[in-house]
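Step one of this worksheet: look at the structure below.
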Amino acid sequence: MVLNVLIASSVINTTFGVITTSLWVIPFLLAAISFYRYDRVDPESRPLDRRVVLSEYDFIVIGAGSAGAVVANRLTEVPDWNVLLLEAGPDENEISDTPSLAAYLQLSKLDWRA
2 MVLNVLIASS
12 VINTTFGVIT
22 TSLWVIPFLL
32 AAISFYRYDR
42 VDPESRPLDR
52 RVVLSEYDFI
62 VIGAGSAGAV
72 VANRLTEVPD
82 WNVLLLEAGP
92 DENEISDTPS
102 LAAYLQLSKL
112 DWRA
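Just so it is clear: in the sequence shown, position 109 is 110 by the working numbering, and no numbers are missing.
As structure tokens, this is what we get:
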């Protein structure tokens with residue numbers, strides 16, 4: 002997203018010249034907003050916690066990994082079933098979305114151990 006804004010800003014600068022010299026600030030503002038409000042702009046952000054917890058569920062799926070999330074999603078296709086999906090650990094951050102930074106997550110609070 003930030004790269005697209007930078008490209009668009011440079012095209013506008015070369016097209017309109019002196020009029021748009023102050024537009025260079027816009028991409029940096031967008032980048033700062035997306036960094037500090039990462040939970041709002043992340044397309045994979047976690048769902049909000051449900052305020053009302055039921056006393057009884059038809060299915061409880063433990064672990065929201067690749068298989069657990071798919072199983073829970075398939076179970077919710079039946080409207081009469083109540084499904085609870087439990088996942089341990091804190092919320093993810095921007096480092097966990099970047100595969101090349103995986104080494105920085107070792108022995109951190111995101112490196113969940115039993």
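For every residue, glycine included, the Cβ atom is placed at its ideal position computed from N, Cα and C.
ask   = Based on the DSSP secondary-structure assignment, which residues constitute the bridge partners of N71?
value = Taking the first residue of the sequence shown as 1, we reach residue 71 at position 70. With the sequence shown as reference, residue 71 is identified as Val, and Asn is not the correct amino acid for it. DSSP lists no partner for V71.
task = Put V62 into one of helix, strand or coil per three-state DSSP.
result = Taking the first residue of the sequence shown as 1, we reach residue 62 at position 61. Strand.
inquiry  = Quick check on L108: buried or exposed, where buried means 16 or more other Cβ atoms within 10 Å of its Cβ?
reply    = By one-based count along the sequence shown, residue 108 stands at place 107. With fewer than 16 other Cβ atoms within 10 Å, it is exposed.
query = Run through DSSP, which three-state label would L31 get?
reply = Counted from its first residue, the sequence shown places residue 31 at position 30. Here L31 sits in helix by DSSP.
message = Within a Cβ cutoff of 7 angstroms, which residues of the same chain sit near S97, ignoring the five residues on either side of it in sequence?
response = Looking up residue 97 in the sequence shown gives position 96. Correct list, in chain order: L106 and L111.
task = In angstroms with no decimal places, state the Cα-to-Cα distance between E95 and A33.
result = Residue mapping note: residue 95 aligns to position 94 of the sequence shown, counting from 1. Residue mapping note: residue 33 aligns to position 32 of the sequence shown, counting from 1. So the two alpha carbons sit approximately 13 angstroms from each other.
query = By Cβ distance, which residues of its chain are closer than 6 angstroms to D59, with the 5 residues on each side in sequence left out?
reply = Mapped onto the sequence shown, residue 59 falls at position 58. Within the same chain, W82 and N83 come within 6 angstroms of D59 by CB-CB distance, once the 5 residues on both sides are set aside.
message = Mapping the DSSP letters down to three states, classify L108 as helix, strand or coil.
response = Here residue 108 corresponds to residue number 107 of the sequence shown, with the count starting at 1. In this structure, L108 counts as coil in the three-state DSSP scheme.
ask   = Is V53 closer than 7 angstroms to V62 when the C-beta atoms are compared?
value = Against the sequence shown, residue 62 aligns to sequence position 61. Against the sequence shown, residue 53 aligns to sequence position 52. Not in contact: V62 and V53 (Cβ atoms no closer than 7 angstroms).
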